[in-house]
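So the sequences go chain by chain: A and B. According to this note's numbering, the stretch in the first sequence is residues 12 to 459, in order. According to this note's numbering, the stretch in the second sequence is residues 12 to 459, in order.
Number of protein chains: 2
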Amino acid sequence: MAGVTEQTTRVPLADLSPAELEVFLDRQRAAYQSLLDRGLRLDLTRGKPSEAQLDLADRLLTLPTTRTDADGVDVRNYGGLAGIRQIREIFGELLQVAPEQVVAGGNSSLTMMHDCLTQLLLHGAPGSPRPWVREERVRFVCPVPGYDRHFAMLAHHGIEMVTVPMREDGPDAGVVAALVRDDPSVKGMWIVPTYANPVGAVCSQEVAAALASMPAAAPDFRIFWDNAYAFHHLTEQEAKSADILTLAAVAGHPDRPLVFASTSKITYAGAGVAFLAASADNVAWYLSHQQFASIGPDKVNQLRHAEFFGSAQGVREHMAGHRAILAPKFAAVQAALSAELDGLGVATWTKPTGGYFVSVDVLDGTASRVVALAKAAGIVLTPAGAAFPHGHDPHDRNIRLAPSFPVLDDVQTAMTGVATCIALAAAEHLQARHQTERSTPEDASLES
Amino acid sequence: MAGVTEQTTRVPLADLSPAELEVFLDRQRAAYQSLLDRGLRLDLTRGKPSEAQLDLADRLLTLPTTRTDADGVDVRNYGGLAGIRQIREIFGELLQVAPEQVVAGGNSSLTMMHDCLTQLLLHGAPGSPRPWVREERVRFVCPVPGYDRHFAMLAHHGIEMVTVPMREDGPDAGVVAALVRDDPSVKGMWIVPTYANPVGAVCSQEVAAALASMPAAAPDFRIFWDNAYAFHHLTEQEAKSADILTLAAVAGHPDRPLVFASTSKITYAGAGVAFLAASADNVAWYLSHQQFASIGPDKVNQLRHAEFFGSAQGVREHMAGHRAILAPKFAAVQAALSAELDGLGVATWTKPTGGYFVSVDVLDGTASRVVALAKAAGIVLTPAGAAFPHGHDPHDRNIRLAPSFPVLDDVQTAMTGVATCIALAAAEHLQARHQTERSTPEDASLES
């Protein structure tokens, strides 16, 4: 295969002599030209389910078979701001919370997050000194790499973002605690606790407990706990989400977490049901504002989903179908990256056991170049830096790969192509460094 | 029938002697006791479609038959923030506007109104001196009687309401123009232009043109044009909504109107599709904010509706089915109120040719008593004053009747009961006045 170096003979690119690097670079350029010649048109930008995944839920198209929910309410008519009981029961069980602490909403959990944020901005919460929009400044703790839409929402509303490193067991709780303890302008934090976007990390019980119990200077500090991938396992080692609501209640901060989930990546990405789970007081707070914005959610779609799943176990079983489709694609990503890049010392990447993404760290300063090279070859990736506030990756290092949408063959093709781009960008970068060193020997000597 | 006075012999209650009034009152009390004895449980509080109306749309439950829209987009997946083209075309034609000027949203036009309002509060519009939340005060012109949810939304966000009288051809445009011309704190106004809630008025072309062209001190003055009942005719004399967007564009204020509509009272009240129609700049403004709150609306439900209707003509034809169900109920309201109250001089009421409500003005100071009497008899009406800001009717005079939801027999029963309550409350009120006059003869003589 073009561009593949025998793994056994690979030497880290940084250790090659200028002449050896020149040879490598020529081969990568040839491989890249072959890629260009294929005229690909592949889109790996977003964590979208594939057509085959959507098909798994097509029974929805002839549901519901009934017109009334378990309480005898006609789902076709107005009302029921908190959503129908049946679907709240199913997702209450899955989210480890009583149905009364679950609100079933429309088709978008992002909308529910945004609703919570605008309520806090315009009105605050019980215990807020004032509406957030009346504060001098509002800051959020943002684990990075993270979800671009989370950061874009904050930026849009003028909220400052303070980044903390994301680790394998969740955000660095010590760093978070230090930020939150003394600064009342730190009003909240984002977290994708399970199979995080994009790094795949699972927030451990210990980290969750630390976040739930840490002292906060802001009396209305909120954790936006976006559990988008709670049930989205890729292996038999199924991660169990930390029960943040119980942990927070036990720690004396019952209103701290706002938990979000949806069926967007369970049934239909565009026509699922979204959920907010929170303390009873937070649910009352949310509804006390939403009553001015809505007479009720789409209960027909909620009943459609309740009939489709039948139970919490029905959701779990349904997810096995997704895993069967997704796992080979994620395996293909690993295989392609390993085949092309192992031993070169130009990239590391995650091996997620769930979720929708593989996060790649390439040679510092080359992520943008990789994305541009891939785009020119017809492989569209999430923009470099997208996983950081304001789209700015300080090291220009991180790339988010989203292999869910294309069919398996295309994932293999795309990932081999991406690996070619990574190696080419790295070689270009190292060659440029060699040339800089040659042209400024005095600087080089000063450094040594 | 108990409580019915022969129409030919009726004398206005105010003209009865104290003794005659006492006789009338006794008869009304007896009629009311009979009403109590029936143990009714009827709810006429809200403008909800009946089960029979909802049934008209039940073909929706097995739609859509396809998974892609006319542009080949898989409606089940993410994306398409403005909604699918097919449904925008159908409602663009109905709302007299290009599809590009229509956004198809979720299940609630109230939500789209609230979204526009919160965008204006938090960010303002192009041309706003500052976000509305940074203004000293923000005021809205509110035609009364009007829609309680409109007023509640404003009150919730601390926006002051200035009432103007609603007339048969819409709000008093002269009064509105005077309020808007010199006061930059007057940022907007509500209007239900067609078959207004609750008075049934239809905003004339002349009034609409005046509202579209009047000078406004606020550069970002907005008309929230809630055309909820645009196609909801009760007779063959179908009102045509004024084309506010064209009128405003011609008058040089293209961004002034924000037009809202939905299928809530066309298909399913809780599971329809809502629409925003506006200038191209306003559509861009709306989407530029909504992109942070949503990845897209429920396109499956939009395609379901597009297939169900087929065309704009399909919507018009579907509305004939609603008319067939609703017209007899509205006729029953007229018949019952006339039978019980004609000639008594204690109430006037509207005879709407469309929409969902009959607005009754009872004797000043008795509306609350009527609603309380009805409630005690198991007939739940919209609270007195609901059609006014903060629920305060300065004359305690207006009652909104919503006959759509109960079956025809129940409407007849309820309306006869309401009429009994109206006459009883009026007689009580007049008797109390007689007694006051007797106990304070010196005041009475001073007045004469």
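Note that beta-carbon positions come from the ideal geometry of N, C-alpha and C, so glycine has one too. Given the structure is predicted, the values throughout are model-derived calculations rather than measurements.
Residues that residue i contacts on chain A, provided the C-beta gap is smaller than 8 Å
| i | result |
| --- | --- |
| Gly117/B | Gly117, Asn118 and Asp309 |
| Thr73/B | Leu72 and Thr73 |
| Leu53/B | The premise fails here: Leu53/B is roughly 16 Å from chain A at the closest Cβ pair, so nothing lies under 8 Å. |
Per-residue DSSP class, three states only, for residue i
| i | result |
| --- | --- |
| Met12/A | Because the pLDDT at Met12/A is just 37, under 50, the model does not fix this residue reliably, and the value given afterwards should be weighed accordingly. Coil, per DSSP. |
| His244/A | strand |
| Pro154/A | strand |
| Pro182/A | strand |
| Gln442/A | helix |
| Thr361/A | coil |
| Leu6/B | Absent from the structure is residue 6/B, since the part of chain B shown begins at 12 and ends at 459. |
| Val197/A | strand |
| Glu171/A | strand |
| Phe286/A | strand |
| Arg411/B | strand |
| Ser299/B | helix |
| Pro34/B | It should be pointed out that residue 34/B corresponds to Val in this sequence rather than to Pro. If DSSP states are grouped into helix, strand and coil, Val34/B belongs with the helices. |
| Ile277/B | coil |
| Ala514/A | This structure cannot speak to residue 514/A, because chain A is shown only from 12 to 459. |
| Pro23/B | coil |
| Ile101/B | helix |
| Ser349/A | helix |
| Ile95/A | coil |
| Pro176/A | strand |
| Ile202/A | strand |
| Val418/B | coil |
Short CB-CB distance (under 8 Å) between residue i and chain B
| i | result |
| --- | --- |
| Gln59/A | The amino acid at residue 59/A is misidentified as Gln; the sequence shows Lys. True, the Cβ-Cβ gap to chain B drops below 8 Å. |
| Tyr279/A | yes |
| Tyr43/A | no |
| His510/A | Summary: the structure shown does not reach residue 510/A, with chain A confined to residues 12 through 459, and so no result is reported for it. |
| Phe303/A | yes |
| Asn293/A | no |
| Asn88/A | yes |
| Ala425/A | no |
| Ala538/A | Given that chain A is displayed from residue 12 to residue 459, the structure contains no residue 538/A and the question cannot be resolved. |
| Ser456/A | Because the pLDDT of Ser456/A is 44, which lies under 50, any placement of that residue in the model is unreliable, and the question is left without a value. |
| Ala219/A | no |
| Asn312/A | yes |
Beta carbon proximity, residue i to chain A, threshold 8 Å
| i | result |
| --- | --- |
| Ile306/B | yes |
| Thr122/B | yes |
| Val144/B | yes |
| Asn409/B | no |
| Thr129/B | yes |
| Leu133/B | yes |
| Leu65/B | yes |
| Glu31/B | no |
| Ala282/B | yes |
Contact set between residue i and chain B, taken where Cβ atoms lie within less than 7 Å
| i | result |
| --- | --- |
| Glu62/A | Asp85 |
| His167/A | Phe303 |
Listed by chain order, chain A residues near residue i by CB distance under 7 Å
| i | result |
| --- | --- |
| Met164/B | Phe303 |
Beta carbon proximity, residue i to chain C, threshold 8 Å
| i | result |
| --- | --- |
| His125/A | Included in the structure are the protein chains A and B, with no chain C among them. |
Residue i: contacting residues in chain B (beta-carbon distance under 8 Å)
| i | result |
| --- | --- |
| Gly240/A | The sequence given here places Tyr at residue 240/A; Gly does not occur at that position. Simply none; closest approach about 15 Å. |
Problem set entry | Ranges of the alpha helix (DSSP H) found wholly within the region 103-157 of chain B, counting only runs of at least 4 | 120-133
Exercise. Hey, is the region 105-118 of chain B in contact with the region 78-89 of chain B, meaning 3+ C-beta pairs nearer than 8 Å?
Worked result: no
Problem set entry | Whole beta strand (DSSP E) elements within the region 209-245 of chain A, 3-residue minimum | 233-237
For this session: Output the residue ranges of the alpha helix (DSSP H) runs that lie fully inside the region 42-91 of chain A and measure 4 residues or longer, sorted by chain position.
Result: 62-66
For this session: Flag this pair as touching only if the region 54-67 of chain B and the region 300-310 of chain B have three or more C-beta atom pairs under 8 Å; answer yes or no.
Result: no
Exercise. Is the region 135-155 of chain A in contact with the region 187-199 of chain A, if contact means three or more CB pairs nearer than 8 Å?
Worked result: These segments touch.
Exercise. Quick one: complete beta strand (DSSP E) runs, 3+ long, within the region 372-414 of chain B?
Worked result: 390-392 and 409-412
For this session: Say whether the region 180-190 of chain B touches the region 215-231 of chain B, bearing in mind that this needs 3 or more beta-carbon pairs closer than 8 Å, one atom from each stretch.
Result: yes
Exercise. Touch check for the region 92-101 of chain B and the region 319-326 of chain B: three-plus C-beta pairs under 8 Å?
Worked result: Flag = yes, the region 92-101 of chain B and the region 319-326 of chain B touch.
For this session: Mind the definition here: the region 356-375 of chain A touches the region 252-269 of chain A only if three or more C-beta pairs lie below 8 Å; say whether that holds.
Result: no
Exercise. Is the number of C-beta pairs between the region 31-38 of chain A and the region 42-50 of chain B that are closer than 8 Å three or more?
Worked result: no
Exercise. Taking contact to mean at least 3 C-beta pairs separated by less than 8 Å, is the region 113-130 of chain B in contact with the region 269-277 of chain B?
Worked result: yes
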